[in-house]
Amino acid sequence: MLHLAGDQKSLFNPRSTTEKRTSFDLLENWEGVGRRGSQEDWWRSIPTCIWWTLWRERNERGHDGIANSSHNIEMRSLSLLYFWCKQDIVGEIDSLVDFIGQL
396 MLHLAGDQKS LFNPRSTTEK RTSFDLLENW EGVGRRGSQE DWWRSIPTCI WWTLWRERNE
456 RGHDGIANSS HNIEMRSLSL LYFWCKQDIV GEIDSLVDFI GQL
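Heads up: the sequence shown begins at 396 in the numbering used here, then just goes up one per residue.
Given below as structure tokens:
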């Protein structure tokens with residue numbers, strides 16, 4: 396937890412407010428974001444990931460009139476879980492299959 400406090404302190408440094416920073420820079424430099432160490436932590440992320448994906452689908456249907464297939468919703472949820480646990484975007488399907496096998 397202390398390493399997070401140090402990172403937050405550097406984020407609010409007056410010098411850093413004059414520099415242009417993107418959200419990606421923030422996530423890239425913030426250690427521990429999305430890096431869940433154990434598989435037990437990965438399992439704990441699954442319900443949140445499912446709810447996040449379903450909430451997004453609800454908003455797309457209600458506000459944008461877009462309805463995705465159940466397969467697409469499932470893949471979005473798995474891709475999001477992969478991103479949260481590995482802090483990486485799914486590039487190849489093999490990496491996602493290996494990840495699911497590790498659960």
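Yeah, the Cβ is synthetic: ideal placement off N, Cα and C, and Gly gets one too. On a predicted model such as this, the values are computed, not experimentally measured, just so you know.
Using C-beta distances below 6 Å, list every residue in its chain close to residue i, excluding the 5 sequence neighbours before and after it, in chain order.
| i | result |
| --- | --- |
| F494 | Y477 |
Does DSSP classify residue i as helix, strand or coil?
| i | result |
| --- | --- |
| I461 | coil |
| T417 | coil |
| S474 | helix |
| S433 | coil |
| L498 | coil |
Residue i to residue j, Cα distance in whole Å?
| i | j | result |
| --- | --- | --- |
| D489 | N454 | 30 Å |
| V428 | K481 | Its pLDDT being 46, under 50, V428 is placed unreliably by the model, and the measurement read from it follows with that caveat. If you take the alpha carbons of V428 and K481, they lie about 10 Å apart. |
| G460 | E452 | 10 Å |
| R456 | A462 | 5 Å |
| S465 | T417 | 33 Å |
| D436 | V492 | 19 Å |
| T500 | H458 | The chain is shown only over 396 to 498; residue 500 falls outside these bounds and no answer can be derived. |
If we call anything under 9 Å between Cβ atoms a contact, is residue i one with residue j?
| i | j | result |
| --- | --- | --- |
| W447 | L475 | yes |
| L449 | I468 | yes |
Would you mind sorting residue i into buried or exposed? The rule is 16 or more other CB atoms within 10 Å of its CB.
| i | result |
| --- | --- |
| N479 | At residue 479 the sequence reads Trp, which differs from the Asn that was named. It is buried - the Cβ of W479 has at least 16 other Cβ atoms within 10 Å. |
| W438 | exposed |
Suppose the cutoff is 7 Å on Cβ atoms and the five residues either side in sequence are ignored; what does the same chain contact list for residue i look like?
| i | result |
| --- | --- |
| S440 | R431, L476, W479, C480 |
| I445 | S472 |
Taking 8 Å as the limit between beta carbons, can you name the residues of its chain near residue i, skipping five residues before and five after?
| i | result |
| --- | --- |
| Q434 | Q497, L498 |
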